[in-house]
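Participant: In terms of this note's numbering, the sequence shown has 357 at position 356, counting the first letter as 1, and numbering is strictly consecutive. Glycine included, each C-beta is placed from N, C-alpha and C at the ideal position. Keep in mind that this is a model prediction, so the values were computed, not measured.
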Amino acid sequence: MTTSYSGKSGDKPVIVWFRDDLRLADNPALHAAAETGLPVLCVFVHDPALPLGRATRWWLDGALRAFQASITACGGELLVLHGPTFEIMCDVLRTLQPAGIFWNRRYGLHERNIDSRVKDYCKENSIAASSFAASLLHEPWTVQTRAGGRFRVYTAWWRAVCEMGDPACPLAAPERLCSAPVPEVLAGRTTVDALALLPKTPDWAAGLRAEWHPGEEKAQDYLGAFLNDTLEGYATLRDRPAGVSTSRLSPYLRFGHLSPRQVWHATKRAVQTASHEISLADQDKFLSELGWRDFAWSLLFDRPDLASTNFRPEFDAMRWLDEPDMFTAWARGQTGYPLVDAGMRQLWITGWMHNRVRMVVASFLTKHLLIDWRKGARWFDDTLVDADPASNVMNWQWVAGSGVDAAPYFRVMNPVLQSEKFDPDGEYIKKFVPELRHLPVRALHAPWQASPAELTRAGVRLGETYPCPVVEHRFARERALAAWKASTG
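(1) Which ranges would you report for the beta strand (DSSP E) in the region 275-321 if only whole runs of at least 3 residues count?
(2) By DSSP's criteria, Ala-130 is part of a beta bridge. Which residues make up the other side?
(3) Among residues of its own chain, excluding the 5 on either side of Gln-221, which ones have a beta-carbon nearer than 8 Å to its beta-carbon?
(4) Considering Cα atoms alone, identify which of Gly-337, Trp-331 and Tyr-338 is closest to Leu-348.
(5) What separation, rounded to the nearest whole angstrom, lies between the Cα atoms of Val-361 and Met-327?
(6) Nearest to Arg-190 by CA position, among Thr-86, Val-144, Phe-476 and Trp-353, is which residue?
(7) Buried or exposed: which applies to Gln-419, given that a residue is buried once 16 or more other Cβ atoms fall within 10 Å of its Cβ?
(8) As an exercise, report each continuous alpha helix (DSSP H) stretch of at least 4 residues that is fully enclosed by the region 344-375, in chain order.
(9) Looking at Ala-391: is its Cβ nearer than 7 Å to the Cβ of Asp-382?
(10) From this set, Asn-28, Leu-39 and Asn-396, which residue's C-alpha is nearest Val-15's C-alpha?
(11) Rounded to whole angstroms, what is the Cα-Cα separation between Trp-205 and Trp-485?
(12) So who's on the other strand from Cys-43, going by DSSP bridges?
(13) Along the alpha helix (DSSP H) that carries Met-90, what are the first and last residues, could you check?
(14) In chain order, which continuous runs of the alpha helix (DSSP H) of length 4 or greater are located wholly inside the region 123-169?
(15) Just to confirm my understanding: we take Ser-71, look at its own chain, exclude 5 residues before and 5 after, and list those with CB closer than 7 Å. What are they?
(16) Since Val-400 and Ala-378 are thought to touch, with beta carbons under 8 Å apart, how far apart are those beta carbons, to the nearest angstrom?
(17) Return the CA-CA distance between Leu-79 and Leu-198, expressed in angstroms with no decimal places.
(18) If we count the other Cβ atoms within 10 Å of its Cβ and call it buried at 16 or more, is Asn-229 buried or exposed?
(19) Among residues of its own chain, excluding the 5 on either side of Glu-278, which ones have a beta-carbon nearer than 8 Å to its beta-carbon?
(20) Could you check whether the Cβ of Asp-62 sits closer than 6 Å to any heavy atom belonging to the ligand SAM?
(21) Could you give the residue range of the alpha helix (DSSP H) that holds Val-472?
(22) Rounded to a whole number of angstroms, what is the C-alpha to C-alpha distance between Pro-49 and Gly-84?
(23) What does the Cβ neighbour count give for Arg-147, buried or exposed, with the cut at 16 atoms within 10 Å?
(24) Identify which residue in Thr-489, Cys-163, Arg-478 and Phe-411 has its Cα closest to the Cα of Trp-265.
(25) Which residue comes first and which comes last in the alpha helix (DSSP H) that contains Lys-201?
(26) To the nearest angstrom, how far is it from the Cα of Phe-103 to the Cα of Asp-22?
(27) Please state the DSSP three-state secondary structure of Arg-462.
(28) Would you call Gln-398 buried or exposed, if buried means 16 or more other Cβ atoms sit within 10 Å of its Cβ?
(29) Residues in the same chain with beta-carbon distance under 6 Å from Asp-194, minus the five sequence neighbours each way, listed in chain order, please.
(30) For Leu-209 versus Gly-352, is the C-beta distance shorter than 7 Å?
(31) Quick one: what's got a C-beta closer than 8 Å to Lys-376's C-beta in the same chain, skipping five residues either side?
(32) Which residues in the same chain as Ser-280 place their Cβ atom closer than 8 Å to its Cβ, once the five residues preceding and following it in sequence are excluded?
(33) What is the residue span of the alpha helix (DSSP H) that Thr-237 lies within?
(34) Return the first residue and the last residue of the alpha helix (DSSP H) that Val-400 is part of.
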C-alpha cells in the first residue's frame, strides 16, 4: 500500500496533503515529511463535490483556522485550495515538481479512487508518493477471520482486535517545519474566509459556538477532562444523557484533531496512573467504542453502497411511509414524546446528541413513524458536527434492523420506558424541552398521562404549548411489526 521515499533531492520540497487528519501529533504523513529534512508544503483541498452537512461545514471552518495557527506556530504554512481534488492536486504537483508527497489513507470508495488516481499521476511523473495509516486503530483489511474473511458480527471482530494487542504508540508532533515557498500562481488557491463555510442568513450556529471549539488543542483538553473526571463509572453511567457521561470526542476524531491511537494509549495510561481506581470495565467499554468506529469503517470499506442500500436485502421490500409532516415533527423535536424531542432539539442547538438518545430517536423514526432510515441518516449528516460517513450509516442500519449485526426489527424501543430508565429525574428533558420543566417528574416522561390540574399548574396545554403524541406507541409497534412481517414474508 505504501511507496517509500527517503533521502534529499536538491531544493525540491515535499508535500503533505491533509484531509481528515488536521493535527500535528501522531500524524504519520507529516512526521515522515519532516524526517526528510526538506522544505515542507502543507496542502488542504476543499472539494465542493464532496458533500458536507451544514454542521460539519461549520466545524471545518474552525478546524482549518485552528490548524493553520498550529502549522504557523511550528514554522510552516497551510496552503488552502478549492476545486476538484484530482485536478487541483495534479496542478500542485506539476507546478512544484516535489521530491515527494505524503498523505494519510482514507477508506471511502470515492476518496480511495481519488487517492489512487493521484498516486498513478505521481508514478507517471516520477514523484515518490507515500501513504500511511492514521485514522483507525486497524485498517479494514488487517482484521480477518481465521478463514481469511471479513467479520460481520462486532463481538467477534472486537475479540480478534483485542487479541492483536495494543496499536502502535502515537508519534510526537514535529518541533519545527522547514516551510517551502508557495507559488503565487496556483489553481484553486484561496483562503478559509473565501470558502464561506459558515452560515450567514440566518446565523443558526450560536449553539454550536457555545458548545464546541474545533482544533487539536481543544481535543486534548476534552480528552484529559474525560479521563480525569468521567471515565470512572463510564460503563454504567454512559447511557445517562443528563450531565457529562460520555467523552464527546467524536467530532475531534471525525476531523482528525485526535487519532484513535492517541485516545487508546492515553486511556490505558490514565487507568494505570490514576490516583483513584478506574475499573477495567470502564476502560474496556470505552475502548470498545473506538472499536465500533473502526468496525463501521471496515464495513463501509467492503460495502461502499452502505449509505443507500440495505445491508440485509430482505429489507428492500419494506414499505416505508412517505409522510413529510411526520418527518418534520421528528426533525424539529415536536413528536409529543419528551425524550425524542429533547434529543432532536439538542441536535439542532448543539450539533450533537447523546448516543443513547440517538438510538431512541432513530428507532422512533424507523419504527414508530415507519420512515426510511436513509432519510434519518441524511438529516444526521446535515446536522451533526461528528457526522462520520461510516458510523452514521452503520448505526442507522443497526437500529432499523437492516444492517450488519443489527438489533432485531421486532425490538421497538418504547420512548417512555427509555426516558424513565435513563433520564429518571427528567433533567435532560427539562433542559431541552423547557416548556415541560414544571411538570412533576413522573409526568415528564408522558405528559398526556398528567392530570388536568398538573398540566394547569405547569402551564402546559397539550396541543398548544406542547404537542400531543403524533402516534400512539402500541399502535405504532403493531404497525411496524406488521410491515416487517409483510416485507420478509
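Facilitator: Considering the structure as presented:
(1) none
(2) Reading the sequence shown from its first residue, position 129 is the one you call residue 130. Looking at the DSSP assignment, Ala-130 forms a beta bridge with Ile-102.
(3) Within the sequence shown, the letter at position 220 stands for residue 221. Setting aside the 5 residues that flank it on each side, Gln-221 is surrounded in the same chain by Leu-259, each with a C-beta closer than 8 Å to its C-beta; the list follows chain order.
(4) Residue 348 sits at position 347 when you count from the first residue of the sequence shown. For Leu-348, the nearest C-alpha among the options comes from Trp-331.
(5) Reading the sequence shown from its first residue, position 360 is the one you call residue 361. Reading the sequence shown from its first residue, position 326 is the one you call residue 327. Spanning the two alpha carbons is a distance of roughly 16 Å.
(6) Numbered from its first residue, the sequence shown carries residue 190 at position 189. Nearest of Thr-86, Val-144, Phe-476 and Trp-353 to Arg-190, Cα basis: Thr-86.
(7) Residue 419 sits at position 418 when you count from the first residue of the sequence shown. So Gln-419 ends up on the buried side.
(8) 356-364
(9) Sequence index remark: in the sequence shown, residue 391 carries index 390 (1-based). Sequence index remark: in the sequence shown, residue 382 carries index 381 (1-based). Contact flag unset, no.
(10) Start at 1 with the first residue of the sequence shown, and residue 15 comes out as number 14. Answer by Cα proximity: Leu-39.
(11) Walking along the sequence shown from the start, residue 205 turns up at place 204. Walking along the sequence shown from the start, residue 485 turns up at place 484. Between Trp-205 and Trp-485, the C-alpha separation is close to 38 Å.
(12) Here residue 43 is taken as the residue at index 42 of the sequence shown, counted from 1. In the DSSP output, where bridge partners are listed per residue, Cys-43 has Val-17 and Leu-79.
(13) For the purposes of this step, residue 90 is identified with residue 89 of the sequence shown, where counting begins at 1. Note, Met-90: alpha helix (DSSP H), 86-97.
(14) Within the region 123-169, the complete alpha helix (DSSP H) runs of at least 4 residues are 155-164.
(15) Within the sequence shown, numbered from 1, the residue matching residue 71 stands at position 70. Leu-25 and Glu-217, listed in sequence order.
(16) One-based indexing of the sequence shown puts residue 400 at position 399. One-based indexing of the sequence shown puts residue 378 at position 377. That belief does not hold up - the Cβ atoms of Val-400 and Ala-378 are roughly 10 Å apart, past 8 Å.
(17) By 1-based counting over the sequence shown, the position of residue 79 is 78. By 1-based counting over the sequence shown, the position of residue 198 is 197. The straight-line gap from Cα to Cα measures roughly 17 Å.
(18) The count along the sequence shown starts at 1 and reaches residue 229 at position 228. Under this definition Asn-229 is an exposed residue.
(19) Numbered from 1 along the sequence shown, position 277 holds the residue referred to as residue 278. Correct list, in chain order: Glu-233.
(20) Looking at this structure, you won't find the ligand SAM or any other ligand, since it has none at all.
(21) Mapped onto the sequence shown, residue 472 falls at position 471. Looking at the DSSP string, Val-472 is not in any alpha helix (DSSP H), and its letter there is neither H nor E.
(22) Here the question's residue 49 lines up with position 48 in the sequence shown. Here the question's residue 84 lines up with position 83 in the sequence shown. So the alpha carbons of these two residues sit roughly 7 Å apart.
(23) Taking the sequence shown and counting its residues from 1, one reaches residue 147 at position 146. Classification of Arg-147: exposed, given that the 10 Å Cβ count is below 16.
(24) In the sequence shown, the residue the question calls residue 265 occupies position 264. When only C-alpha atoms are compared, the closest one is Cys-163.
(25) The residue you call residue 201 lines up with position 200 of the sequence shown. No alpha helix (DSSP H) holds Lys-201; DSSP gives it neither H nor E.
(26) By one-based count along the sequence shown, residue 103 stands at place 102. By one-based count along the sequence shown, residue 22 stands at place 21. Distance between the alpha carbons of Phe-103 and Asp-22: 12 Å.
(27) Position 461 of the sequence shown, counted from the start, is the residue given in the question as residue 462. The answer is coil: DSSP assigns Arg-462 none of H, G, I, E or B.
(28) If you number the sequence shown from 1, residue 398 lands on position 397. Under this definition Gln-398 is a buried residue.
(29) Along the sequence shown, one-based indexing puts residue 194 at 193. Counting only Cβ-Cβ distances below 6 Å, and skipping sequence neighbours, we find nothing.
(30) As a working note, residue 209 is residue 208 in the sequence shown. As a working note, residue 352 is residue 351 in the sequence shown. Yes; because the gap between Cβ atoms is below 7 Å, this pair is in contact.
(31) Walking along the sequence shown from the start, residue 376 turns up at place 375. Within the same chain, Lys-376 has close Cβ partners Phe-328 and Leu-366.
(32) Numbered from 1 along the sequence shown, position 279 holds the residue referred to as residue 280. Cβ within range, chain order: Glu-233 and Ala-236.
(33) The residue you call residue 237 lines up with position 236 of the sequence shown. Residues 235-238.
(34) For the purposes of this step, residue 400 is taken as the residue at position 399 of the sequence shown. Counting along the chain, the alpha helix (DSSP H) containing Val-400 begins and ends at 390-401.
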